[in-house]
Amino acid sequence: MSPKVQAQVVPTPPGPLSLLTYGDDLVAAGFTADPQEMFVRLPLTLQAHGLAVVDDIGPAAQAVRDYLKGDLDALDAIPVSQPGTETRQRLLAALRAVPAGTTVSYADLAEHAGLPRTAARAAGSACAQNLIAPFVPCHRILPQSGGFGGYYYGTPVKQWLLTHEGA
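Right under this line is the structure:
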């Protein structure tokens, strides 16, 4: 019998953060107190394994605690895995490379992924469908027109993360 997707809810200042792992990879993370909300967004192949809430998910939870204590690079060391086309994977890799404390526009993100700046809409779509916030830091992407833009977990969470990182 294959292992289940494991979940833990970690308290954070902007709200509870559900972390889901499968094997050694973080497969979902989001600001919700209910891991099931993240679980149903996973590919069906992962959902088929079932979900088990555990007390300590290990390195991912420790990375969150370290991040909250000021080690802004702690989340970068956690291996992540999420579905997507080759273009989506390039965008997610470029997104993960945006350093803490900095922000870029959607057009800049597209360019960093080796796509034309006109692919800003694809960059926005990759952010909107990102399953692993804040480890894949879509909160660091801002609209060129100014403001915070949207964020799946709400603008106050995005603003808190950016302030915490000194961006």
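Take this note's numbering: the final residue in the sequence shown is number 429, and no numbers are missing along the way.
Even for Gly, the Cβ is constructed at its ideal location relative to N, Cα and C.
query	result
Classify R338 as helix, strand or coil using the three-state DSSP reduction.	Contrary to the premise, residue 338 reads as Asp rather than Arg in this sequence. Reduced to three states, the DSSP call for D338 is helix.
If you scan the stretch 292 to 333 from start to end, which runs of the beta strand (DSSP E) of 3 or more residues do you find wholly inside it?	313 to 315
Where does V302 land, buried or exposed, given buried means 16+ other C-beta within 10 angstroms?	exposed
With DSSP as the reference, please indicate the residues paired to V271 in a beta bridge.	S280
Can H374 and A355 be called in contact, C-beta distance under 7 Å?	no
Suppose contacts are defined by Cβ-Cβ distances below 7 Å. Is F293 in contact with L304 by that definition?	no
Apply the 10 Å Cβ neighbour rule to E299 and answer buried if 16 or more other Cβ atoms are within range, or exposed otherwise.	exposed
Could you check what DSSP says for V366 in three-state terms: helix, strand or coil?	strand
By DSSP's criteria, D287 is part of a beta bridge. Which residues make up the other side?	Y284
For the 8 Å Cβ check, are there 3 or more pairs between the stretch 361 to 370 and the stretch 308 to 321?	no
Going by DSSP, name the residue or residues bridged to A404.	The displayed chain sequence assigns Leu, not Ala, to residue 404. Answer by DSSP bridge pairing, in chain order: S367.
From what residue to what residue does the alpha helix (DSSP H) around V419 run?	T417 to E427
Whole angstroms are fine: how far does the CA of R379 sit from the CA of L282?	33 Å
Could you tell me the distance, in whole angstroms, from the CA atom of A362 to the CA atom of Y284?	26 Å
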